[in-house]
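The structure under discussion appears below in the form of structure tokens.
Residue numbers (this note's numbering), protein chains in the order written: chain A, 1 to 363; chain B, 1 to 305.
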């Protein structure tokens, strides 16, 4: 049974004889250079795609770059966009440490936003604004944690893959928000699109004096630092890693695997819920259709792009946010639909996943 | 028409697009590859089918175009997963993003376009059976095609030589290797054929069900297909039943509203997803044991713990 015939020819002198092909060149690149080369490859591919669509790729890239990076304010715009995405990405990173796949950031963010809005609507101006805001933060984190815990509990006690349940719960959360903004919480004085009333002025996250950048950015970066420290220095962080590495071994050595998995998922959900709240209290101020719009999914991609390491994850969130923002220029300057930026985002991720490391092909 | 028969008929009608996608995903998963990009393949199929049908005036050419588009997107998934060793779940989601972006980029011109649709056709004799006839045999031709496809697929997977190779690739790939077969090409075929089925599912959605194209029109149906495959344990007949269940949950909302029930639309919209989760819960533990070995590596590292 153990004898497995290996058909592949071992890499020998035959392969080395072919000197400077592109493949060899790519093989020599390592680390950041490889990732960079992968990104350049993606940019070239996307240029071809938009050229097929009749846009000039050179001017499109130029417009995308200038509209995204030239002013201090537009860089602030990247920070505003990146704030919820960083938290959504960390919401994937923590469960991933324990080997769990959380694709439910989108729904957990929505639930966090809903919980925050609910606190504001329920309390009105009966408490001082900052106190209400703190309660909103707590409510958002707990609600996100509870929403994510559903998937973790189902995995633990019923044996359903959390990748599937978290995905399905996203749609349930979305319908819940629609129900609220079209019905229960609809602002009777609102005009046009259904939405809740706006948060009171003193229940919003303070601005940092850099364009529309708000205190949510500090929450997101603070969360990333805490996650990094927890991974590195706490026994919980270490146990998550053991469970993620080999759950069976972890169980045999006496770790409470079930509790660890559920807690990892709940912490992830709390981070996503927090992300939803920063979007609500820092940028949107009300629930409306399009609140969160794919930030949860972009966060998922950012976590994978950063290989689930907090520092790189934050960096990836910034990169993806910059790309997302540059998509606005595609619409304004090149007259392409805004969602076409998803193509560039997908190409970059594919190239980095497929060619960003030399190992690849594990089969 | 009674509420029950209306919901059941709508269940078949609305479930058929998910059925095609879920049958495709069953093939892919039998070969050991999970494709969350099913959602993207459905979207690509929906647009390509609608565009081809609108340009040529032939809905069946549209279906063919949908299959090609769905298969191409699945080929991207297959390449990065099988040849570049990328993570299946993350790559699948990226492929969805690719499909989302490409369809909005190339779909703008078809939002207002008119395309020929498939009209319901009554099957002679069978259509006259009381109750069952009105539910199952007053449907569009793509639904009838799926009736034929389910037993054919069952036969291919469980009785044909190709089915043996496919299942071996997903469950015990080393057995294939020792017998001199190459695993990767089999898996490529499984993933791409799976994507073609998803594309056909998208084609049913855009040409027959909605008879229109709009951005992100699948609204999670591809993910539901993956869930259906899971609780149906990759068996074609159960997959069909699961897809119809989701379709019935979809059909419940308009049927109740037409009868004047004052239930909130968005509460009803969530029903299909909740039903899917509930079915997973009911069947969960039993099904978990039937996951092909190759897949369990992908999906659950510590499921048994």
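Note that CB positions come from ideal geometry on N, CA and C, so glycine has one too.
Which first and last residues belong to the alpha helix (DSSP H) in which residue i is found?
| i | result |
| --- | --- |
| residue 87 of chain A | 72–97 |
| residue 92 of chain B | 88–107 |
| residue 342 of chain A | 341–355 |
| residue 177 of chain B | 173–178 |
| residue 128 of chain A | First-last for residue 128 of chain A: undefined, no H or E at that position. |
| residue 77 of chain B | 59–78 |
| residue 153 of chain B | 141–159 |
| residue 23 of chain B | 3–30 |
| residue 170 of chain A | 162–179 |
| residue 31 of chain A | 31–52 |
| residue 226 of chain B | 221–231 |
Using a beta-carbon distance below 8 Å, is residue i in contact with chain B?
| i | result |
| --- | --- |
| residue 188 of chain A | no |
| residue 127 of chain A | no |
| residue 167 of chain A | yes |
| residue 163 of chain A | yes |
| residue 334 of chain A | no |
| residue 8 of chain A | Note that residue 8 of chain A scores 45 on pLDDT, short of 50, meaning its location in the model is unreliable; the coordinates nonetheless yield the value given after this. Cβ-Cβ to chain B under 8 Å: no for residue 8 of chain A. |
| residue 319 of chain A | no |
| residue 85 of chain A | no |
| residue 175 of chain A | yes |
| residue 226 of chain A | no |
| residue 137 of chain A | no |
| residue 111 of chain A | no |
| residue 360 of chain A | Note that residue 360 of chain A has pLDDT 46, beneath the 50 cutoff, so the model's placement of it is unreliable and no number is given. |
| residue 183 of chain A | yes |
| residue 179 of chain A | yes |
| residue 18 of chain A | Annotation note: pLDDT 45 at residue 18 of chain A (below 50); position unreliable, no value reported. |
Counting along the chain, where does the beta strand (DSSP E) carrying residue i start and finish?
| i | result |
| --- | --- |
| residue 209 of chain A | 207–210 |
Look at the alpha carbon of residue i and the alpha carbon of residue j, and state the distance between them as a whole number of angstroms.
| i | j | result |
| --- | --- | --- |
| residue 133 of chain A | residue 244 of chain A | 35 Å |
| residue 286 of chain A | residue 73 of chain A | 23 Å |
| residue 212 of chain B | residue 309 of chain A | 43 Å |
| residue 295 of chain B | residue 268 of chain A | 25 Å |
| residue 205 of chain B | residue 147 of chain B | 17 Å |
| residue 24 of chain B | residue 348 of chain A | 27 Å |
| residue 307 of chain A | residue 26 of chain B | 29 Å |
| residue 365 of chain A | residue 254 of chain A | Because chain A spans 1 through 363 in this model, residue 365 of chain A falls outside it and cannot be assessed. |
| residue 83 of chain B | residue 95 of chain B | 15 Å |
| residue 35 of chain B | residue 131 of chain A | 46 Å |
| residue 211 of chain A | residue 80 of chain A | 9 Å |
| residue 241 of chain A | residue 98 of chain A | 6 Å |
| residue 263 of chain A | residue 234 of chain A | 14 Å |
| residue 175 of chain B | residue 86 of chain B | 23 Å |
| residue 99 of chain B | residue 192 of chain A | 31 Å |
| residue 28 of chain B | residue 149 of chain B | 16 Å |
| residue 248 of chain B | residue 115 of chain A | 31 Å |
| residue 93 of chain A | residue 141 of chain B | 46 Å |
| residue 185 of chain A | residue 194 of chain A | 9 Å |
| residue 333 of chain B | residue 321 of chain A | An answer regarding residue 333 of chain B cannot be provided, because it is not within the stretch 1 to 305 covered by chain B. |
| residue 366 of chain A | residue 174 of chain A | Residue 366 of chain A falls outside the range modelled here, since chain A spans only 1 to 363, and no answer is possible. |
| residue 13 of chain A | residue 185 of chain B | The predicted model places residue 13 of chain A with a pLDDT of 43, which falls under 50 and marks its position as unreliable, so this point remains unresolved. |
| residue 124 of chain B | residue 144 of chain B | 13 Å |
| residue 386 of chain A | residue 136 of chain A | This structure leaves residue 386 of chain A out entirely; chain A is present only between 1 and 363. |
| residue 172 of chain A | residue 113 of chain A | 14 Å |
| residue 47 of chain A | residue 105 of chain B | 13 Å |
Tell me whether residue i, by its Cβ, gets closer than 7 Å to a heavy atom of the ligand FMN.
| i | result |
| --- | --- |
| residue 203 of chain B | The ligand FMN is absent from the structure shown, which contains no ligand whatsoever. |
When the cut-off is 8 Å and only beta carbons count, does residue i lie next to chain A?
| i | result |
| --- | --- |
| residue 100 of chain B | yes |
| residue 38 of chain B | no |
| residue 186 of chain B | no |
| residue 311 of chain B | In this structure chain B extends from 1 to 305, so residue 311 of chain B is not present and cannot be described. |
| residue 161 of chain B | no |
| residue 2 of chain B | no |
| residue 84 of chain B | yes |
| residue 189 of chain B | no |
| residue 134 of chain B | no |
Please confirm if residue i has its CB atom under 8 Å from at least one CB of chain C.
| i | result |
| --- | --- |
| residue 304 of chain A | Within the model displayed, chain C is absent; protein chains A and B are what it includes. |
Next on the checklist: Using a Cβ-Cβ cutoff of 8 Å, what residues of the stretch 217–238 of chain B are near chain A? List them in chain order.
Outcome noted: Under the 8 Å Cβ criterion, the stretch 217–238 of chain B contributes 219, 220, 223, 224, 226, 227 and 230.
Next on the checklist: Under 8 Å: do the stretch 158–172 of chain A and the stretch 94–104 of chain A share three or more Cβ pairs, one atom per stretch?
Outcome noted: Three or more beta-carbon pairs separated by less than 8 Å link the stretch 158–172 of chain A to the stretch 94–104 of chain A, which places the two stretches in contact.
Next on the checklist: What are the residues in the stretch 339–355 of chain A lying within 8 Å of chain B by C-beta distance?
Outcome noted: Listed by position, the residues of the stretch 339–355 of chain A near chain B (Cβ gap below 8 Å) are 339, 340, 341, 342, 343, 344, 345, 346, 347, 349, 350, 353, 354 and 355.
Item to check | Sufficient close CB pairs (3 or more, under 8 Å) joining the stretch 149–163 of chain A to the stretch 246–260 of chain B | outcome: No contact exists between the stretch 149–163 of chain A and the stretch 246–260 of chain B.
Checklist entry - Listed from N- to C-terminal order along the chain, which residues in the stretch 4–31 of chain B have their beta-carbon within a distance smaller than 7 Å of any beta-carbon of chain A? => result Within the stretch 4–31 of chain B, no residue qualifies.
Checklist entry - Does the count of Cβ pairs from the stretch 291–299 of chain A and the stretch 216–236 of chain A closer than 8 Å reach three? => result Not touching, per the Cβ criterion.
Next on the checklist: Short of 8 Å Cβ to Cβ, which residues in the stretch 39–54 of chain B face chain A?
Outcome noted: Taking 8 Å as the upper bound on Cβ-Cβ separation, chain A lies near no residue of the stretch 39–54 of chain B.
Next on the checklist: Would you call the stretch 54–66 of chain B in contact with the stretch 328–343 of chain A, where contact means no fewer than 3 C-beta pairs closer than 8 Å?
Outcome noted: In short, these stretches do not touch, since the Cβ pair count stays below three.
Checklist entry - Using a beta-carbon distance cut-off of less than 7 Å, what residues from the stretch 254–282 of chain B approach chain A? => result Among the residues of the stretch 254–282 of chain B, those with a Cβ less than 7 Å away from any Cβ of chain A are 264, 266, 267, 269, 270, 273, 274, 276, 277, 280 and 281, in the order of the chain.
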